[in-house]
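Number of protein chains: 2
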Amino acid sequence: MSEPEFFKALADPTRRAVFERLADGEMNATDLRQGFDLSQPAMSQHLAVLRTAGLIAEQKHGRNVLYRINPDGVARIHQWLSRYNAFWPGRVDDLKQLLKEMDQ
Amino acid sequence: MSEPEFFKALADPTRRAVFERLADGEMNATDLRQGFDLSQPAMSQHLAVLRTAGLIAEQKHGRNVLYRINPDGVARIHQWLSRYNAFWPGRVDDLKQLLKEMDQ
DNA sequence: AAATCATATAAGTCTGTGCTTATGTATTTT
DNA sequence: AAAATACATAAGCACAGACTTATATGATTT
Numbered sequence: 001m002s003e004p005e006f007f008k009a010l011a012d013p014t015r016r017a018v019f020e021r022l023a024d025g026e027m028n029a030t031d032l033r034q035g036f037d038l039s040q041p042a043m044s045q046h047l048a049v050l051r052t053a054g055l056i057a058e059q060k061h062g063r064n065v066l067y068r069i070n071p072d073g074v075a076r077i078h079q080w081l082s083r084y085n086a087f088w089p090g091r092v093d094d095l096k097q098l099l100k101e102m103d104q
Numbered sequence: 105m106s107e108p109e110f111f112k113a114l115a116d117p118t119r120r121a122v123f124e125r126l127a128d129g130e131m132n133a134t135d136l137r138q139g140f141d142l143s144q145p146a147m148s149q150h151l152a153v154l155r156t157a158g159l160i161a162e163q164k165h166g167r168n169v170l171y172r173i174n175p176d177g178v179a180r181i182h183q184w185l186s187r188y189n190a191f192w193p194g195r196v197d198d199l200k201q202l203l204k205e206m207d208q
């Protein structure tokens, strides 16, 4: 069983914030820097870590690179977490509610 | 919104292994060390990190301390992950299957 | 009560990682 | 074609964290 890399990638608060921002839609590196007190190389390095961990995907558009959340990464976190579903009492109703919403 | 501590806690492979071992049942620190090439203080420090992150709970039994997974911690991971449910396509059927199993 | 056992804490070392500045490489604009 | 833009890579520094040995604390055993 290969070691999940996403934990180390998401352990950094800046990278979590970037990931969260991408949840609202794809964005390039320059726009992602808005609101962060961070140099351009620092952001580039964070994005590289997230990409290597399979959490985000990139798509070149000319000299810009659009970044977006990689659904496979999210799925892998869910997969890891599923081992601990037995320790998740009282949340089953929330889950059922979620499924109902997704069916609509 | 407070920063989730569980990512840093689970970023370490040894702590993930400890957490996984506790999924099979509660255990004390000495038994947890079996199979790990790790000093007693190192294990104690790892357990302290997991406990501070709210991922495990402890219960004193004489001079032993039993550790077990804290369901609240697992719930908090699920809660964090729920923000990204929109990026989780094709897994809904697996989820439905899981709920079916939990109902039995 | 002394020895042993289970665990925690302290202090120091060493490695990993997140940051910086400097520079490289495409791509686009003028 | 020269300048500007968007991003990546390199190298170095400073701090965080995972480990060690040594020691403390409290419970049990003999």
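Residue numbers (our numbering), protein chains in the order written: chain Y, 1 to 104; chain Z, 105 to 208.
Beta carbons: idealized from backbone N, C-alpha and C, even for Gly.
At the C-beta level, L47 (chain Y) and F19 (chain Y) stay beyond 8 Å of one another.
A straight-line Cα-Cα distance of about 8 Å links L136 (chain Z) and M147 (chain Z). For Q34 (chain Y), no alpha helix (DSSP H) encloses it, and the DSSP letter there is neither H nor E. Taking the CA atoms as reference points, A23 (chain Y) sits about 37 Å from E130 (chain Z). Cα atoms of R83 (chain Y) and K164 (chain Z): separation of roughly 26 Å, rounded to the nearest angstrom. Using a Cβ distance threshold of 8 Å, F7 (chain Y) and L142 (chain Z) do not count as a contacting pair.
Under the criterion of beta carbons closer than 8 Å, N132 (chain Z) and V169 (chain Z) qualify as touching, at roughly 6 Å.
The three-state reading of DSSP puts L55 (chain Y) in coil, since its state is none of H, G, I, E or B. Rounded to whole angstroms, R76 (chain Y) and D176 (chain Z) show a C-alpha spacing of 21 Å. Proximity of chain Z to V74 (chain Y) at the Cβ level (cut-off 7 Å) is accounted for by Y188, F191 and W192, in chain order.
Straight through space, the alpha carbons of A121 (chain Z) and I56 (chain Y) are spaced by roughly 26 Å. At a C-beta separation below 7 Å, I77 (chain Y) has these neighbours in chain Z: L185. If you draw a straight line from the Cα of P13 (chain Y) to the Cα of P108 (chain Z), it comes to about 9 Å. R172 (chain Z) carries a strand assignment under DSSP once its states are collapsed to helix, strand and coil.
According to the DSSP secondary-structure assignment, K164 (chain Z) is paired through a beta bridge with Z:V169. Annotation: Q45 (chain Y) to Q34 (chain Y) spans about 16 Å, alpha carbon to alpha carbon.
Chain-ordered, the chain Z residues with CB closer than 7 Å to the CB of A23 (chain Y) read R187 and Y188. For L10 (chain Y), the chain Z residues whose C-beta falls within less than 7 Å of its own C-beta are F111, listed in chain order. Rounded to whole angstroms, the separation of the alpha carbons of P145 (chain Z) and S106 (chain Z) is 29 Å. Residue pairing from DSSP leaves M147 (chain Z) without any beta-bridge partner.
Interface residue (Cβ-Cβ distance to chain Z less than 8 Å): E26 (chain Y) is not classified as such.
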